[in-house]
Every structure is written in structure tokens, then in C-alpha cells.
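Those letters in the sequence shown? Residues 1 to 341, by full-length UniProt numbering. Note that the Cβ used here is the ideal one computed from N, Cα and C, for glycine as well. Structure first, commentary second.
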Amino acid sequence: MLLLKTFFSEPYFNPPMKRKIILFLIFFVANIPFSQAANDKQLLVDRVLAVVNDQVITQSEFEVVYRPIYEQMRQAAQGPELAKELERVRIQLLNQMIEDKLVYMESQKMGIEVTDVEVQEEIDSFINQYPDKKEFEKQLAMDGITMTDLKKRFKERVAIQKLHEGFIRSQIAVTPQAVEEAYQKHQDEFNDKEKVEVWVLTINKNPGAIQSGTMDEVAKSKTMRMMQDLKAGTNFSSLAKQYSEDAHAEKEGYLGFVEKGSFVGKLDEVLFSLPQDSISDVLETENGYHIFKIGIKVPPRKKTFDEVKSEIRNQLYREKAHEKFVEWMTELKKKSYISIK
């Protein structure tokens, strides 16, 4: 849901897992051009980290992928915890690079072909995940990736996908009985969570108060005046559109329907305890002061088998495909020459 991606960045929502850049980079690690890394003046020494059949993975290749991951993780943790996590990521990343090379080599042996149209469709789909093309190009520049590199990696991605679909997945079957059994065993997992329709009016704290974690009397007083206006009968949407200081002001503060568990800390408990068509007190987060309006409340609901059978079938299919891939990769590694330096 695109809206969730937008408002999850707000201070009153639980943040999504900080995996986007890591997943992006790990997914496209195979065959990174050495020339790109060699142009980085920071990389003074290049050495072989691993040999995979007749190809190598160099330190410079690895660093092109690892460096942005390191920079992101450094902002989230420090000290021994960071060092431990970075070591885990280094091992995972190198293993992923090895497996990517092996799978792509096999796709080439099988004669799997990828057309320019297929590559462009993948690229267009990927670009659409960004707010606009400029943001996409900015991310590429930050990661040190050119469009030529990206096209090459998407071509490899499509080849790997075709190998999965045409070879590995063709060996998998999910029976109707297995789908029914999974539903009966995990019925509690197929519930629609409780939802509420939400509007918000936000007054931000000043940077000093945010940094020090202290109260901002000016911002709080301004929010309290907004509360007085609301109690006097002022329309919430109009007030939010005129005075709110977050990204939802242009939508009159409207957040849409939000699932239980989306709000940070006790905010979630407070808002879901409010009755329909009510307004919250002034609530404080680390970044500001907020007033919420609660609209329609949707109770949790158990989904029927017919509603979720396709979802269950796909999940079982993915699980079996993963098991088959692990089995296949284990055998492929046994037949391949792999040396980690």
C-alpha cells in the first residue's frame, strides 16, 4: 500500500524495517564491473576474496556493494553491536555474491535468453517504486551504480528468475489438500487486523528540542490553541490543511485506514481506544505535538478459506521453491570450485 510507505516516515508511526537499500544491493551483487570500483580513489588495493569456478570476486567488487550498507548501518548502531552485525552482513553478502554467480552461470549453461524488452520492463517497474525519476537517479548515484550497470544486473536477475520458474518451480506441486490443511492449522493468522480511519494535525518541535529530547513550549502552546479551536467547533480538516506541519497537510491531515500496531509506543493503544468520530488529546512524540481525529472503526475479521486460498497456495509454493533451491544450490556448490581467500 503506497500510502503506508509515505506516512510510515512520520514520527507517530512505527518505521518499516531498514532493509530497502540492503536488499537492493544484495539482490544486484552479481558481476559488478571491476572498472567502476577501480575508479574509486579510496580503493588502493584490490585482492581476490573468492574464486567461483573460472570467475573471481574481488575486494573492490565487494566494497562497491558493502560500503553503502556500512554507511546505513553505522547510522543505526555503534560499538560492539555494530561490529558484530557488520561481520554477519559481510559473511552473508559474500555468500550471496557467490551464489548469484553460480546461479547465473547455470542459467547461461541452460541457454536461458533474456530480451531487451524484458529487461526494460523490470527497470520500469523498479523505477516506479520511487517518488520520481530524480529520486531514483539520486539513489543510483549514492550507490555508485550507472544505468549500464543496472541494465546488466537486471538482465542477470531476469535470467535467474527464469531459471527458478522454468527449472526449480517446475518440480514443485501444491495440492488442494495441503492448502486446506494449512488454513485449518493457521486460521488465526488469516485475520484482518482492527483498523481506524485517521486524520492528524501536527506541530513540529524545534530542532534543538528534538535533539535534546525536551519539551518545546512554543510548539505545545500552538497545538493547545488548535485544540481550543476544535472544541469551539472549527473543522478539523480545514485546520489541519492550514496549520499542520507534516506531509499530510495538503490532504487535510488524512492518513486513511491504519492497522492496529502501526503507531509508535503507547500512541497505538491510546488511538485505538478512542471511540468513533472522536478527537484525541494533544499527544507528544519525540518530533512534535499531534492531535488525531478518529473516523470509522473497522473491527478485526477472520477471513474465509475462499478469500485466502490463493495466498496460502502461493506461500506454500514459495516455501517449497525455497527448499528446492537450497537443495539444488547445495548440490551445485558440491560440483563447483569455490575458494574463499
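As assigned by DSSP and simplified to three states, the class of residue i
i    : result
K195 : strand
L283 : strand
T146 : coil
K205 : coil
L49  : strand
I22  : Any answer about I22 is weak, because its pLDDT of 38 lies below 50 and its placement is not dependable; what the coordinates show is given next. Three-state result, I22: helix.
Y130 : coil
V174 : coil
Whole-angstrom C-beta distance between residue j and residue i, which should lie under 8 Å
i    : j    : result
A321 : I168 : 6 Å
F190 : V308 : 5 Å
V196 : F257 : 7 Å
I279 : K293 : 5 Å
CA-to-CA distance, residue j to residue i, given in whole angstroms
i    : j    : result
P131 : K138 : 11 Å
K109 : I160 : 12 Å
N39  : L93  : A caution first: N39 carries a pLDDT of 44, below 50, which makes its placement in the model unreliable, though a value can still be read off. The straight-line gap from Cα to Cα measures roughly 22 Å.
A122 : D100 : According to the sequence as given, residue 122 is Glu; it is not Ala. The alpha-carbon atoms of E122 and D100 are separated by roughly 18 Å.
D229 : R88  : 53 Å
E252 : D46  : 55 Å
R153 : I145 : 10 Å
V282 : K205 : 13 Å
Q276 : E319 : 41 Å
E156 : A209 : 49 Å
E245 : G213 : 19 Å
Q242 : Q211 : 27 Å
E81  : H186 : 35 Å
Y254 : S262 : 15 Å
R74  : Q59  : 20 Å
T115 : S336 : 28 Å
N314 : I172 : 12 Å
D188 : E181 : 13 Å
Q96  : V52  : 12 Å
A91  : Q78  : Residue identity check: residue 91 is Ile in the sequence provided, not Ala. When rounded, the distance between both Cα atoms is 19 Å.
P68  : L140 : 11 Å
L239 : I203 : 12 Å
V64  : V200 : 41 Å
Paired residues, beta bridge with residue i - DSSP
i    : result
E259 : K195
H186 : Looking at the DSSP assignment, H186 forms no beta bridge with any residue, so it has no partner.
T304 : In DSSP, T304 forms no bridge with anything.
I57  : A50
I338 : V52
V200 : F292
Y254 : W199
Boundaries (first-last residue) of the beta strand (DSSP E) holding residue i
i    : result
F292 : 288-298
Closer than 8 Å to chain B by CB, residue i
i    : result
A159 : Here there is only one protein chain, and chain B is not present.
Bounding residues of the alpha helix (DSSP H) (the contiguous stretch that carries residue i)
i    : result
E87  : 79-109
L274 : That residue, L274, is in no alpha helix (DSSP H); it is neither H nor E in DSSP.
F236 : 236-243
V218 : 217-231
Contact test: residue i Cβ vs the ligand ADP heavy atom, cutoff 7 Å
i    : result
K297 : Looking at this structure, you won't find the ligand ADP or any other ligand, since it has none at all.
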